[in-house]
Amino acid sequence: MRNRMRMLQAATALLYMGPLLGGLAGYGPALVVPFVSIFMLWLVLLRPHRWPQEAREWLTFPAWGAALTLLLSQTLFVAVLFGVGRGLGGVMGFLPMFHPLLPVAVSFLALPLMRLVWNPELSLESDETIDELIIRARRSGARPPAPVADDALALLLALSNRVGDEAEVMVGHLDRFLDTGDVWARLAALTEALDGAPPGQHEALRIAVILRATDPCPQPECAVPGELRTAFAAAGAAPDLLALLAVRGAALLRRIPGAAAHFPPARVVADLAADCAGDAAVRALDTLAAALRAHEEASVPEEKPLRAAAAAAPRVFAPAPLPAARGA
Numbered sequence: 055m056r057n058r059m060r061m062l063q064a065a066t067a068l069l070y071m072g073p074l075l076g077g078l079a080g081y082g083p084a085l086v087v088p089f090v091s092i093f094m095l096w097l098v099l100l101r102p103h104r105w106p107q108e109a110r111e112w113l114t115f116p117a118w119g120a121a122l123t124l125l126l127s128q129t130l131f132v133a134v135l136f137g138v139g140r141g142l143g144g145v146m147g148f149l150p151m152f153h154p155l156l157p158v159a160v161s162f163l164a165l166p167l168m169r170l171v172w173n174p175e176l177s178l179e180s181d182e183t184i185d186e187l188i189i190r191a192r193r194s195g196a197r198p199p200a201p202v203a204d205d206a207l208a209l210l211l212a213l214s215n216r217v218g219d220e221a222e223v224m225v226g227h228l229d230r231f232l233d234t235g236d237v238w239a240r241l242a243a244l245t246e247a248l249d250g251a252p253p254g255q256h257e258a259l260r261i262a263v264i265l266r267a268t269d270p271c272p273q274p275e276c277a278v279p280g281e282l283r284t285a286f287a288a289a290g291a292a293p294d295l296l297a298l299l300a301v302r303g304a305a306l307l308r309r310i311p312g313a314a315a316h317f318p319p320a321r322v323v324a325d326l327a328a329d330c331a332g333d334a335a336v337r338a339l340d341t342l343a344a345a346l347r348a349h350e351e352a353s354v355p356e357e358k359p360l361r362a363a364a365a366a367a368p369r370v371f372a373p374a375p376l377p378a379a380r381g382a
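According to my numbering, the sequence shown holds residues 55 to 382 in order.
Okay, structure coming up:
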């Protein structure tokens, strides 16, 4: 849309450049008629809705009045452009010498360039005007404001009910939800909403939260620590969601051990396994709890070996320095 508007602006600049060059070169009123014809054809192609579409409509007085008004206004406009060009040439003291058809060709070139981005026949059939195109281009260029967290969350929950079981579609909506505002506030609001919703509701959104939180691609540079906690809240007590979260979480730990800091403690995962009903979910949660426990044990400093090494090390006493003699 914006590219079409840029090309239309470039065509308009070429249209106005012709009379300016004609005035700059010092040509007289003989070139006014070709330029007025080109300008009138430009108006016919650009806004065909303002012109009669049938021959009998030209026999009415309003049609002739409107056409005559436009003809006079375009004649005056071309004369003003000629005068501006002649004034620029006089100020600069420069009188270029080129063929008189060159300014006419420059303005005429604007017509096919405009047709590349604007089809008057198609605009008549679709009942679309150039003004509507300009308004849409301006609206598309303006960046919409970021929605409020509550409104964005309500929209996200409504989308999750609409898409059904398409979790991949919800991943894209979830990315936009978290990337267009305060990620911490939106994660907290999302966690509270999923934790308070019934277990079988927003299934696609719950799966999308788990898939995003356990995705190894953004780890560890772009990871948000609260996402994994939100994933556990999204899984709730559903065995299939807990199994999916545990399997992907264990795979994430094997690939990126540093992600263990973002998980809940191992005892919390073990309690989930004890309270879970599904066998597959229990095994996956036990595996995840064991992996987290191993990371926790590896991160604890080995105090006893350090104390034993310190006790076995020989103590070396350095003699105290002798006091300096007075008068030295």
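The beta carbon of each residue, even a glycine, is placed where N, CA and C say it ideally should be.
Just so we're clear, the structure is a prediction, and the values are computed from it rather than from any experiment.
Take arginine 169 as the anchor and find which of His316, Pro311 and Pro102 has the nearest alpha-carbon. With distances taken between Cα atoms, arginine 169 lies closest to Pro102.
State yes or no: is the beta carbon of arginine 240 nearer than 7 Å to at least one beta carbon in chain C? Of the chains in the structure shown, none is chain C; there is only one protein chain.
Hey, arginine 240 and leucine 232: beta-carbon distance below 7 Å or not? Yes, the pair counts as a contact, with Cβ atoms nearer than the cut-off.
Residue range of the alpha helix (DSSP H) that includes histidine 227: Secondary structure note for histidine 227: its alpha helix (DSSP H) is the uninterrupted segment 221-233.
Do the CB positions of leucine 135 and leucine 74 come within less than 7 Å of each other? For leucine 135 and leucine 74, yes; Cβs fall inside 7 Å.
Quick check: the segment 85-95 against the segment 105-115, are at least 3 beta-carbon pairs closer than 8 Å? The segment 85-95 and the segment 105-115 do not touch, with fewer than three beta-carbon pairs separated by less than 8 Å.
On the CB-based measure, 16 or more other CB atoms within 10 Å of its CB, does glutamate 257 come out buried or exposed? Looking at its Cβ environment, which holds 16 or more other Cβ atoms inside 10 Å, glutamate 257 is buried.
DSSP three-state label for isoleucine 310, please. In the three-state DSSP reduction, isoleucine 310 falls in the coil class, being neither helix nor strand.
Close-in-space but distant-in-sequence residues of the same chain around glycine 332 (CB under 8 Å, 5 per side omitted): The answer, listed in chain order, is Pro293, Asp294, Leu296 and Ala297.
Kindly indicate which residue of Arg140, Arg347 and Ala221 has the alpha-carbon position closest to the one of arginine 266. The option with the nearest alpha carbon to arginine 266 is Ala221.
Buried or exposed for phenylalanine 162, going by 16 or more other Cβ atoms inside 10 Å? Phenylalanine 162 should be labelled buried.
For proline 311, collect the residues of the same chain with a Cβ closer than 7 Å to its Cβ; drop the 5 residues on either side in sequence, then sort them by chain order. His349.
To the nearest angstrom, how far is the alpha carbon of alanine 120 from that of asparagine 173? Approximately 23 Å, taken between the alpha carbons.
Under 7 Å between C-beta atoms of alanine 300 and leucine 346: With respect to leucine 346, alanine 300 sits apart: the two C-beta atoms are not nearer than 7 Å.
Taking C-alpha atoms, which residue in Thr284, Leu259, Arg337 and Pro318 lies nearest to methionine 224? It is Leu259.
Please return the same chain residues whose Cβ sits closer than 6 Å to the Cβ of methionine 61, not counting the five positions on each side in sequence. These residues qualify, in order along the chain: Val171.
Look at glycine 303 and threonine 268 and say whether their C-beta atoms are less than 7 Å apart. Contact flag set, yes.
By DSSP, does leucine 149 sit in helix, in strand, or in coil? Secondary structure at leucine 149: coil, using DSSP grouped into helix, strand and coil.
Burial state of alanine 67, where buried means 16 or more other Cβ atoms lie within 10 Å: Alanine 67 comes out exposed.
So what's glutamate 257 in DSSP terms, helix, strand or just coil? In the displayed model, glutamate 257 falls within a helix according to three-state DSSP.
Glutamate 350 lies in the alpha helix (DSSP H); which residues open and close that run? Where glutamate 350 is concerned, the enclosing alpha helix (DSSP H) stretches over 333-353.
Label tryptophan 96 either buried or exposed according to how many other C-beta atoms from any shown protein chain fall within 10 Å of its C-beta, with 16 as the threshold for buried. Tryptophan 96 is buried by the Cβ-count criterion.
Check whether the Cβ of glycine 312 sits closer than 6 Å to any heavy atom of the ligand GDP, and report yes or no. This structure simply doesn't include the ligand GDP, nor any ligand for that matter.
So which of Leu99, Leu165, Leu155 and Met94 has the shortest CA-CA distance to threonine 129? Here the closest residue by C-alpha is Met94.
Return the chain-ordered list of same chain residues with a C-beta closer than 7 Å to the C-beta of histidine 227, the five sequence neighbours on each side being excluded. Here the set comprises Leu210 and Leu213.
Run through the segment 128-175 for me and flag every whole alpha helix (DSSP H) of 4 or more residues, listed as ranges in chain order. At a cut-off of 4 residues, the continuous stretches assigned as alpha helix (DSSP H) that sit fully inside the segment 128-175 are 155-171.
Quick check on the burial criterion: 16 or more other C-beta atoms within 10 angstroms. Buried or exposed for glycine 445? The requested residue 445 does not occur in the structure, where the chain is confined to residues 55 to 382.
Among residues of its own chain, excluding the 5 on either side of glycine 137, which ones have a beta-carbon nearer than 7 Å to its beta-carbon? Exclusion of the five residues before and after glycine 137 leaves Gly77 as the residues of its chain whose Cβ lies within less than 7 Å of its Cβ.
To the nearest angstrom, report how far apart alanine 159 and asparagine 57 are at their CA atoms. Answer to the nearest angstrom: the Cα atoms are 24 Å apart.
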